[in-house]
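Read through the structure below, which is laid out as structure tokens, and then see the notes.
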Amino acid sequence: MEPNQAMRQDIIQKEKEMEDLYSELQRERLKIEKERDIIMSKKRAFSDMLQEEYEMAAAILRRQEWDTSVEWQALNQYIESYDIMADEASNDQLKKLDLKDEELVENFLRQRRRLEWDIEENYRRLRESK
């Protein structure tokens, strides 16, 4: 194969690599989005469960004939503390996903720049060989 043909083949191969790289980025980002959706779904489910627990306990407290202010205070603190813990846990997981996404994009950009440079270098050599 002549040198110009080899450079053209290399350009075609690098362009294909770039397309594959972009497809892989999209697949990985879609996975991250699905993970994010799962985390948010679990957070909503936990909040709904806490709300149900609160409503059940509140119904019991409303039926009592004695002063239940201490129990109400404890119930509110219990629900609030679990809600805060759930928020913190989901926020931590979301931050980890954000970092994973950032690293993915940075890696993609680094590889894309390398491929673009290689393609441009091959085009330059093709122009010089004419």
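Per my numbering, the sequence shown starts with residue 23, numbered consecutively.
Glycine included, each C-beta is placed from N, C-alpha and C at the ideal position.
In this text, all values refer to a predicted model and were calculated from it rather than measured experimentally.
task = Put residue 94 into one of helix, strand or coil per three-state DSSP.
result = By 1-based counting over the sequence shown, the position of residue 94 is 72. Residue 94: helix per DSSP, three-state reduction.
request  = Rounded to whole angstroms, what's the CA-CA distance from residue 42 to residue 127? Just pull it up for me.
outcome  = The residue given as residue 42 occupies position 20 in the sequence shown. The residue given as residue 127 occupies position 105 in the sequence shown. Residue 42 and residue 127: Cα-Cα distance of roughly 14 angstroms.
task = Could you pull out every residue in the same chain whose Cβ sits closer than 8 angstroms to the Cβ of residue 140, ignoring the five residues on either side in sequence?
result = As a position in the sequence shown, residue 140 is number 118, starting the count at 1. The answer, listed in chain order, is 32 and 36.
ask   = Beta carbon of residue 29, beta carbon of residue 147: below 7 angstroms?
value = What you label residue 29 is simply residue 7 of the sequence shown in a count that begins at 1. What you label residue 147 is simply residue 125 of the sequence shown in a count that begins at 1. Yes. Within cutoff.
Segment limits, alpha helix (DSSP H) that includes residue 75 = Taking the first residue of the sequence shown as position 1, residue 75 is located at position 53. Its alpha helix (DSSP H) spans residues 25-85.
ask   = With DSSP run on the structure shown, which of helix, strand or coil describes residue 88?
value = Taking the sequence shown and counting its residues from 1, one reaches residue 88 at position 66. Residue 88: coil per DSSP, three-state reduction.
ask   = Considering only residues of the same chain and omitting the five flanking positions on each side of residue 93, which have a CB-CB separation below 6 angstroms?
value = What you label residue 93 is simply residue 71 of the sequence shown in a count that begins at 1. Closer than 6 angstroms at the Cβ level, and outside the excluded window around residue 93, lie 83.
ask   = What do you get for residue 144, buried or exposed, if any count of 16 or more other CB atoms within 10 angstroms of its CB means buried?
value = The count along the sequence shown starts at 1 and reaches residue 144 at position 122. Label assigned to residue 144: buried.
request  = Output the distance between the C-alpha atoms of residue 60 and residue 72, rounded to the nearest integer angstrom.
outcome  = In the sequence shown, counting from the first residue as 1, residue 60 sits at position 38. In the sequence shown, counting from the first residue as 1, residue 72 sits at position 50. So the two alpha carbons sit approximately 18 angstroms from each other.
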